[in-house]
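Participant: 1 is the number of the first residue of the sequence shown in this note's numbering; add one for each residue after it.
Backbone N, C-alpha and C fix where the C-beta goes; we use that ideal spot for every residue, glycine too.
First the structure, which I've put down as structure tokens, then a few questions once you've had a look.
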Amino acid sequence: MTSLIIILSVLLLLIIILQIGRINEITAGLRGEEETEVKNANSNGIWLVIYCAIFLIACFVSAYYYLPYMLGYGPHQAASAHGGLIDNLFSVTLLFTGIVFVLCHIALFWFSYKYRYKVGRKILFMPDNHKLEIIWTAIPALVMTILVVQGLVTWNKVMADVKDGDDFIEIEATGWQFAWNLRYPGADGKLGVKDYRLIKPGKNELGQDWNDTRNHDDFNANELVLPKGKKIRVRISARDVLHNFYLPHFRVKMDAVPGLPTYFIFTPIKTTDEYRQELRKYPEYNIPSDPTDPKSPPKWQAFDYELACAELCGKGHYSMRKLVKIVNEDEYNTWLSAQKSYYLTSVRNTDEDPFKGKNVKIELESKAIELESNLRKALDTSANSGSRTLVLDNIYFETGASTLSNDSEYALNVISKAFTKYPNLKVEVSGHSDNVGEPASNLTLSQERANSVKNYLTSKGANSGSINAIGMGQNRPIADNSTDEGKAKNRRIEFKILSF
Ligand SMILES: [Cu+2]
């Protein structure tokens with residue numbers, strides 16, 4: 001119905017215009033052609049000048065009206081260290097093109113008024129004019145040169161890669177239809193290698209090579225959380241089609257190209273909260289964020305930085321939006337420590353894990369850190385003496401033998417440091433076994449294993465008289481020997497602090 005009304009109205013309008021034209025023709029016939037033409041030319045000329053004035057005023061008023069929403073103006077100053085350079089580039093370009101825009105429009109409309117039809121006015125035919133040609137070629141060429149040179153200088157500054165010894169955090173953003181995967185390097189600060197041939201949907205989205213131990217602590221984040229004031233290098237790649245890694249508030253924008261990794265380096269200089277406080281100063285951001293709910297928080301409070309895909313990559317393109325949070329160093333570290341390694345949570349000891357059933361460095365290291373803190377507590381004179389026995393579940397022997405495996409070094413190094421720190425430390429090292437095999441041979445093996453630990457510690461400087469090594473065999477289980485896990489718990493070395 002509405003479209004029918006619209007079609008009818010347009011038709012009616014056309015008929016009216018047609019009729020006006022015919023009336024004009026008839027009156028021209030009555031008055032004389034020339035008189036009418038002069039009159040028309042006069043009124044056309046005047047209306048064109050009026051239109052030009054209204055148009056230019058509207059341009060400036062609308063620009064002023066939208067100033068608080070435009071990047072680079074009002075509260076939207078760049079939130080990155082390099083952002084100002086890019087804003088400056090836009091401002092200089094806008095200045096030149098703005099001058100040309102205003103002057104051209106004034107000239108265009110003024111000329112159509114000034115040189116409107118007049119009785120007896122002759123048209124000047126000018127085939128060419130060298131001087132004019134030179135002027136209107138030289139000025140744009142000069143302006144273009146200034147813009148291009150400034151652009152190149154800015155590009156080289158913004159795109160300079162990190163140098164050896166630079167302090168920076170490297171993360172990775174991989175785009176696909178339709179999501180971003182954000183990968184952080186974990187505690188080692190290094191992203192592990194990946195290979196597209198290893199990609200397995202739902203199991204290994206990036207194709208991370210689990211043989212590379214640098215992958216073991218990498219984690220994927222749902223939001224881009226970054227600390228203020230730290231240099232960030234983003235590795236950008238795509239898995240299917242072209243995407244674009246765009247952080248508008250940081251003036252970061254780079255294509256994500258399948259098969260061709262790109263990068264962008266930037267330093268956030270405003271936390272999310274600081275940016276919100278800037279917005280708060282503007283009345284435009286003090287209205288409810290949800291226009292239908294007057295009780296919703298004001299716009300400034302609902303503001304968040306965002307990551308978008310700025311390439312029209314398909315119909316789900318819009319859903320590639322992710323939240324970006326810039327926080328202080330402390331908050332960042334708290335967030336970091338709450339993140340879980342993808343390998344340890346989803347790959348470890350599955351069929352995908354090349355280290356299935358074996359120790360991995362990351363676990364050995366975290367067990368060593370745990371032991372260090374337990375040992376510190378055990379040697380704390382203010383703590384009660386009940387906690388002076390430590391169960392060492394991270395000392396490993398070769399199967400059925402008393403030879404220490406290399407993986408034991410993580411735990412033994414922690415222990416030997418205690419002997420250096422406390423020269424009077426006296427301990428009892430006891431070996432325990434599960435109930436598999438003969439009790440007598442279990443007793444012998446546990447004694448030999450305790451001896452191995454003692455020998456290792458004395459080789460690292462501990463006094464042999466301060467360590468009493470004993471074998472307990474299967475006599476003191478701490479878990480149920482009927483399950484595999486229970487047996488594993490029972491095969492252990494205990495470290496009892498006698499005095500220090
Ligand atoms: Cu995309």
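(1) Closest to residue 78 by C-alpha separation, out of 258, 16, 245, 272, would be which residue?
(2) When you compare only the Cα positions, how much space is there between residue 260 and residue 197?
(3) For residue 309, count neighbouring Cβ atoms within 10 angstroms of its own Cβ and tell me buried if that reaches 16, exposed if not.
(4) Let me know the secondary structure DSSP gives residue 210 once reduced to three states.
(5) Which one of 212, 186, 208, 56 has the shortest CA to CA distance from residue 109?
(6) Relative to the C-alpha of residue 401, which candidate in 449, 304, 136 has its C-alpha closest?
(7) Would a C-beta distance cut-off of 9 Å place residue 379 and residue 495 closer than the cut-off?
(8) With H, G and I counted as helix, E and B as strand and the rest as coil, what does DSSP make of residue 499?
(9) Would you call the region 116-134 and the region 39-53 touching, i.e. three or more CB-CB distances under 8 Å?
(10) Near residue 464, what residues of its chain come up, given a Cβ to Cβ distance below 8 Å and the 5 sequence neighbours on each side ignored?
(11) Just to confirm my understanding: we take residue 188, look at its own chain, exclude 5 residues before and 5 after, and list those with CB closer than 7 Å. What are they?
(12) Out of curiosity, what's the CA-to-CA distance linking residue 418 and residue 481?
(13) Considering only DSSP beta bridges, list what residue 511 is partnered with.
(14) Between 60, 406, 3, 468, which lies nearest to residue 538 when the distance is taken from Cα to Cα?
(15) Alpha carbon to alpha carbon, what distance is there between residue 147 and residue 160?
(16) Rounding to the nearest angstrom, what Cα-Cα distance links residue 223 and residue 182 in this structure?
(17) Run the Cβ filter for me: residues under 6 Å from any heavy atom of ligand 1, listed in the order they occur in the chain.
(18) Kindly indicate which three-state DSSP category residue 436 falls into: helix, strand or coil?
(19) With distances taken from CA atoms, which of 207, 174, 12 is nearest residue 353?
(20) Do the CB positions of residue 268 and residue 227 come within less than 9 Å of each other?
(21) To the nearest whole angstrom, what separates the beta carbons of residue 221 and residue 238, a pair I think is in contact under 8 Å?
(22) Could you give the residue range of the alpha helix (DSSP H) that holds residue 485?
(23) What first and last residue would you give for the alpha helix (DSSP H) that runs through residue 205?
(24) Can you list, in chain order, the residues of its chain with a C-beta nearer than 7 Å to that of residue 342? Leave out the 5 residues immediately preceding and following it.
Facilitator: A quick look at the data gives this:
(1) 272
(2) 16 Å
(3) buried
(4) coil
(5) 56
(6) 449
(7) no
(8) strand
(9) yes
(10) 454, 458
(11) 214, 217
(12) 32 Å
(13) Examination of residue 511 is not possible in this model, given that the chain is present from 1 through 500 alone.
(14) A question about residue 538 goes unanswered here, because the residues of the chain that appear run from 1 up to 500.
(15) 20 Å
(16) 8 Å
(17) 175, 243, 309, 311, 313, 317, 320
(18) coil
(19) 207
(20) yes
(21) At roughly 18 Å, the Cβ-Cβ gap does not stay under 8 Å, so residue 221 and residue 238 are not in contact.
(22) 484-490
(23) Unbroken run through residue 205: none, as it is neither H nor E.
(24) 218, 219, 220
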